[in-house]
Amino acid sequence: MPARLTVLSGPSGVGKGTVVAALRALVPQVWVSVSCTTRAPRPGETHGVEYHFLDRAEFGRLIEAGEMLEYDEHFGNLYGTMRRPVLEHLAAGVPTLLEIDLHGARQVRGSVPDARFVFLAPPSTDELVHRLARRGTESAQAVAARLARAEMELAAEAEFDDVVVNNDVEQAARDVAALVIAP
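Last residue of the sequence shown: 1367 in my numbering, with the numbers rising by one and none dropped.
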């Protein structure tokens, strides 16, 4: 299997995390980067598993030191990917996957142009609204902000090498897995 960087992106609520969890079962040799964030953990989240939970000072230090491959601020929090672990896994011949937002994907395209960029799309905007509301982890105002951002992200679909529609998690995971392991 080639050691290529694959970037999976799509709007909030499309099911990126769920698809990546299913992908890990299908292709366990793929290393999935754990992003950093300054937001507080949601119930059940563990530092180093879902995210590296950092305070703003530490996140800022990583940015200043050039240690972030990509980063962005939205909904009042910083999110990003540490550069070193990604490059180390690629150098070791390990296929690597980033699950990141559109802004981050654009930054990675600038620094790793030979990566494969995959857009995970919802089957419909109505379904995306339903998924965001079903989460139950955010206020109505936060859901509205995510929907506004999702509209902008959906418009960027054409910037990606491949599009996978998440109508069925297992099928979407198989589709992404085929792209991750394709030569």
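By construction, the Cβ of each residue, glycine as well, lies at the ideal position given by its N, Cα and C atoms.
As the structure is a computational prediction, the values presented were derived from the model and not from experiment.
Span separating the alpha-carbon of residue i from that of residue j
| i | j | result |
| --- | --- | --- |
| Gly1244 | Arg1318 | 33 angstroms |
| Val1218 | Arg1267 | 11 angstroms |
| Ala1275 | Ile1365 | 17 angstroms |
| Thr1309 | Glu1248 | 38 angstroms |
| Ser1323 | Glu1234 | 21 angstroms |
| Val1214 | Glu1254 | 20 angstroms |
| Glu1242 | Gly1288 | 19 angstroms |
| Asp1256 | Leu1262 | 6 angstroms |
| Gln1325 | Asp1359 | 33 angstroms |
| Arg1290 | Phe1344 | 10 angstroms |
| Arg1223 | Pro1279 | 28 angstroms |
| Arg1240 | Gly1294 | 25 angstroms |
| Gln1355 | Leu1210 | 11 angstroms |
For residue i, the three-state DSSP class (helix, strand or coil)
| i | result |
| --- | --- |
| Thr1265 | strand |
| Ser1193 | strand |
| Ala1205 | helix |
| Arg1300 | strand |
| Asp1256 | strand |
| Phe1243 | helix |
| Thr1221 | strand |
| Thr1230 | coil |
| Ala1340 | coil |
| Leu1271 | helix |
| Glu1251 | coil |
| Leu1281 | strand |
Residues of its chain near residue i, where Cβ-Cβ distance is below 6 angstroms and the 5 sequence neighbours each way are ignored
| i | result |
| --- | --- |
| Val1198 | Leu1304, Pro1306, Asn1350 |
| Leu1286 | Ser1193, Glu1337, Ala1340 |
| Pro1225 | Phe1237 |
| Gly1260 | none |
| Leu1316 | Gly1197, Val1327, Arg1330 |
| Gly1277 | Ala1187 |
Sequence-distant residues of the same chain with beta carbon closer than 7 angstroms to residue i, five excluded per side
| i | result |
| --- | --- |
| Val1296 | Leu1189 |
Member of the options whose CA lies at the smallest distance from the CA of residue i
| i | options | result |
| --- | --- | --- |
| Ala1187 | Arg1300, Ala1356, Leu1316, Glu1311 | Arg1300 |
| Glu1251 | Ser1308, Glu1272, Pro1195, Ala1332 | Glu1272 |
| Pro1212 | Leu1281, Ala1324, Ala1326, Glu1254 | Leu1281 |
| Gly1264 | Glu1229, Gly1228, Arg1333, Thr1221 | Thr1221 |
| Glu1311 | Gly1294, Arg1293, Asp1298, Leu1331 | Leu1331 |
| His1258 | Leu1210, Val1348, Val1327, Gln1355 | Val1327 |
| Glu1229 | Ala1209, Gly1201, Arg1240, Gly1294 | Gly1201 |
Rounded Cβ spacing between residue i and residue j (contact assumed at less than 8 angstroms)
| i | j | result |
| --- | --- | --- |
| Val1191 | Ile1284 | 6 angstroms |
| Val1357 | Ser1196 | Just to set this straight, residue 1357 is Ala in the shown sequence, not Val. Contact flag wrong, Cβ pair sits at about 19 angstroms. |
| Ala1361 | Leu1207 | 5 angstroms |
| Leu1363 | Val1292 | Not a contact, Cβ separation roughly 16 angstroms. |
| Val1203 | Val1313 | Actually they are not in contact, since the Cβ atoms of Val1203 and Val1313 sit about 19 angstroms apart, beyond 8 angstroms. |
Contact set for residue i: own chain, Cβ-Cβ below 8 angstroms, skip 5 residues either direction
| i | result |
| --- | --- |
| Asp1346 | Arg1300, Phe1301, Val1302, Phe1303, Leu1363 |
| Val1270 | Leu1189, Ser1217, Leu1253, Thr1280, Leu1282 |
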